[in-house]
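This report concerns only the one structure given below.
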Amino acid sequence: MKKHRCGWCEGDDLYEAYHDKEWGVPVYDDETLFEFLILETFQAGLSWITVLRKRENFRKAFDYFDYKKIANYQQAKIDSLLKDAGIIRNKLKVNATVSNAQSFIKIQEEFGSFSKYIWNFVDGKPIKNSLKNHKNAPGNTPLSDTISKDLKKRGFKFVGSTVVYAHMQATGMVNDHEVNCFRYEEV
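Residue 54 in the numbering used here sits at position 48 of the sequence shown, with consecutive numbering throughout.
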């Protein structure tokens, strides 16, 4: 019997695997939260499948999203990233990744972890929506507006409300699986 999945991922093996194993699963470790945050910033203006197909290239190019290393990237490393055809070579987004890593570390210093900071916005537990169709999922919410403004105030770039909401969905802060999706009750 075929499992029912959210409509956005059906028909692409990579999308389905991501949906089945990762999307919407609550993430509390800083390393994974940082990876998703950076991937979401690169996704801005593009489709998620574009980023997903380049994910392994991003991991290699950005030292497996080691934010401590990224925070110290020098211009030579940035220049090499801008020549790397395996990633999205957007100068503003590459530079933002470096400054976002620096801001990420500042949040860790202030709150003890980025996870404590970000999950505090939802009182430490996922918001469970009841979507019948993925097309009814919001692109942003008043909460993602609030988080976006706070991240920007703390020096983050490319973290508009839509990027933040996508990050919330990906990291399980909000469960936007369709109610008849097999993952809805699992996450």
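Yeah, the Cβ is synthetic: ideal placement off N, Cα and C, and Gly gets one too. In this text the structure is predicted, and so the values were computed from the model without any measurement.
Residue nearest to Ala102 in terms of C-alpha spacing, selected from Asp26, Leu88 and Ala143 = Leu88
key: For Val57, the nearest candidate out of Glu46, Phe188 and Ala67 (CA to CA)   = Glu46
request  = For the alpha helix (DSSP H) containing Ile76, list its first residue and its last residue.
outcome  = Tyr73 to Ile76
message = Quick test of the definition: if touching needs 3 or more C-beta pairs under 8 angstroms, does the region 129-141 touch the region 167-185?
response = yes
inquiry  = I'd like to check one pair, Arg59 with Arg189: are the Cβ atoms closer than 9 angstroms?
reply    = no
query = If you follow the alpha helix (DSSP H) that Pro148 is part of, which residue opens it and which one closes it?
reply = Pro148 to Lys159
message = Within 8 angstroms, do at least three Cβ pairs link the region 71-80 to the region 103-111?
response = yes
task = Note down the Cα distance separating His173 from Gly92, rounded to an integer number of angstroms.
result = 22 angstroms
ask   = Taking the runs of the alpha helix (DSSP H) that are 4 residues or longer, which of them lie wholly in the region 96-157?
value = 97-117 and 120-126
inquiry  = To the nearest angstrom, how far is the alpha carbon of Tyr24 from that of Met179?
reply    = 17 angstroms
message = So the candidates are Gly30, Thr152, Tyr34 and Gln80; which of them puts its Cα closest to the Cα of Gly130?
response = Tyr34
ask   = Among Ile55, Val169 and Glu41, which one has its Cα closest to the Cα of Ile153?
value = Val169
ask   = Under 9 angstroms between the Cβ atoms of Trp14 and Ala176?
value = no
task = Please check the pair Arg160 and Ile124, which I expect to be a contact at CB under 8 angstroms, by giving their CB distance rounded to whole angstroms.
result = Contact flag wrong, Cβ pair sits at about 11 angstroms.
key: Per-residue DSSP class, three states only, for Val57   = helix
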